[in-house]
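Below is one structure, written out as structure tokens; the observations come after it.
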């Protein structure tokens, strides 16, 4: 059970940042993860009045405020048109609608949770995070940083030309994933992210140029086999490391087939 | 700290502790349809509408609800009246413990989507757990309600559910 001594609804990002410099403070997003913990928090800082609950879209990018809910991601037409529904697929099995109305994009990315579907899908795209103090950095860099006292303000997804696909395996719908995978071809570069390994999601590029000649049955199989050897997996109560490694290969193959279909569809 | 929350149309101003959860605030004010189930934000028992959106009141600080409108089943009984009979007719509310959460989320579904398919109903209600029924009864009840509404020809979005 969490006990909270002081609640601050920040009036500006400056105020939120200042308050958050104390080690005893904590920013609350959707409250869902914090609530599960057993701790005493002297001060919580709520960003709910800062207008960060909007997805803005222009010709170059999507700008997703930290307080945007997972349900907003699920329903956003522009984002799902751009990703061919991959964002919707990534979040639709997260508990239920009521949960997704509370859970925030910022909280999911900031937490860099091992089980995160959200981190897995955003990592495969051309994504950046805007930190109040640290500025704009690629998500691929942010994901490996240690948590500090900065504030995640926005998630920026560049509309780089590409195809995207997402798949996860769950023991039961609405549970945490046993494995979450996303694949993309962004400006000709193939990208694979694997989350719920059960460690935090990691990005794999086609360093061996196995897909250089395009997606055919042999190259897809070769890449999937190579990826399953490169992605470290572990065991927990949802699945063993061996099972997960096998899933990496299977899901990678399926994702690349989906990408090929999308590429063909787009070229028609 | 002081909060001002509109609960079922009634403005309530009160001094609260910073860690008071919305579910406890609501029950303190007589909304006993809002129940505590899993404590892990998974079961949907504590579903309420905050500014028309279904949320889990077990995971919202009452302090965050300050300045917002909250509706519980106590305030939406008339809206629930029509379809709840169809669910009861299927014996889908066996022990009844999960029922208020199911009803609240069904209200949210039908406000958002006037003609949901069975898959859309299943997806929307996936966050409401029932340990008695296996969910088919609820689905049949909602489907029968939608069919009866269609027969009457009143799915123009203006009628009450």
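Residue numbers (our numbering), protein chains in the order written: chain A, 1 to 268; chain B, 269 to 429.
Glycine is no exception: its CB is placed at the ideal position from the N, C-alpha and C atoms.
Bear in mind the structure is a predicted one, so any value in this text is a computation, not a measurement.
In the displayed model, residue 88 of chain A falls within a helix according to three-state DSSP.
Using a C-beta cut-off of 8 angstroms, the stretch 375-390 of chain B makes no contact with the stretch 324-331 of chain B, since fewer than three inter-stretch Cβ pairs fall below that distance.
Shown here, residue 239 of chain A sits in a strand according to DSSP, grouped into three states. One finds 96, 173, 174 in chain A with Cβ atoms closer than 7 angstroms to the Cβ of residue 394 of chain B, taken in chain order.
The beta carbons of residue 34 of chain A and residue 2 of chain A sit closer together than 8 angstroms.
With contacts defined by Cβ atoms closer than 8 angstroms, residue 103 of chain A and residue 94 of chain A form a contacting pair.
Here residue 403 of chain B carries a coil assignment [DSSP, helix/strand/coil]. A Cβ-Cβ contact shorter than 8 angstroms links residue 182 of chain A with residue 193 of chain A.
When CB distances to chain B are screened at a threshold of 7 angstroms, the residues of the stretch 100-128 of chain A falling below it are 101, 102, in chain order. Between the stretch 304-322 of chain B and the stretch 243-259 of chain A there are fewer than three inter-stretch CB-CB distances shorter than 8 angstroms, so the stretches are not counted as touching. Residues of the stretch 330-357 of chain B with a Cβ closer than 7 angstroms to any Cβ of chain A, in chain order: 331, 332. Annotated three-state conformation of residue 326 of chain B is helix, per DSSP.
Linking residue 389 of chain B to residue 91 of chain A through their CA atoms gives a straight-line distance of about 17 angstroms. If you look at residue 72 of chain A, you'll find it in the alpha helix (DSSP H) that goes 70-75. Here residue 209 of chain A is exposed. Its C-beta has fewer than 16 other C-beta atoms within 10 Å. For residue 321 of chain B, the nearest beta carbon of chain A is closer than 8 angstroms to its own beta carbon. Within chain A, the residues whose beta carbon sits less than 8 angstroms from that of residue 312 of chain B are 96, 98, listed in sequence order. For residue 371 of chain B, the uninterrupted alpha helix (DSSP H) segment begins and ends at 367-380. Around residue 101 of chain A, the same chain offers 69, 71 as residues with beta carbons nearer than 7 angstroms, after the five sequence neighbours per side are excluded. Shown in chain order are the members of the stretch 283-315 of chain B whose Cβ falls below 7 angstroms from a Cβ of chain A: 286, 287, 308, 309, 310, 312, 315. Residue B:331 holds the alpha-carbon nearest to the alpha-carbon of residue 271 of chain B among B:345, B:359, B:331. Between the stretch 121-128 of chain A and the stretch 213-230 of chain A, the count of Cβ pairs shorter than 8 angstroms is below three; the stretches do not touch. Among the residues facing chain A, residue 407 of chain B is not included, as its CB has no counterpart in that chain under 8 angstroms away.
In this structure, the beta-carbon distance from residue 413 of chain B to residue 370 of chain B does not fall below 8 angstroms. The residues 341, 371, 375, in chain order, have a CB closer than 7 angstroms to that of residue 348 of chain B in the same chain once the five nearest residues on each side in sequence are set aside. Residue 62 of chain A has A:57, A:157 as its beta-bridge partners, per DSSP. Excluding the 5 residues flanking it on each side, residue 52 of chain A has same chain C-beta neighbours closer than 6 angstroms at 65, 66, 67, in chain order. Annotation: Cβ neighbours of residue 36 of chain A in chain B (cutoff 7 angstroms, chain order): 308.
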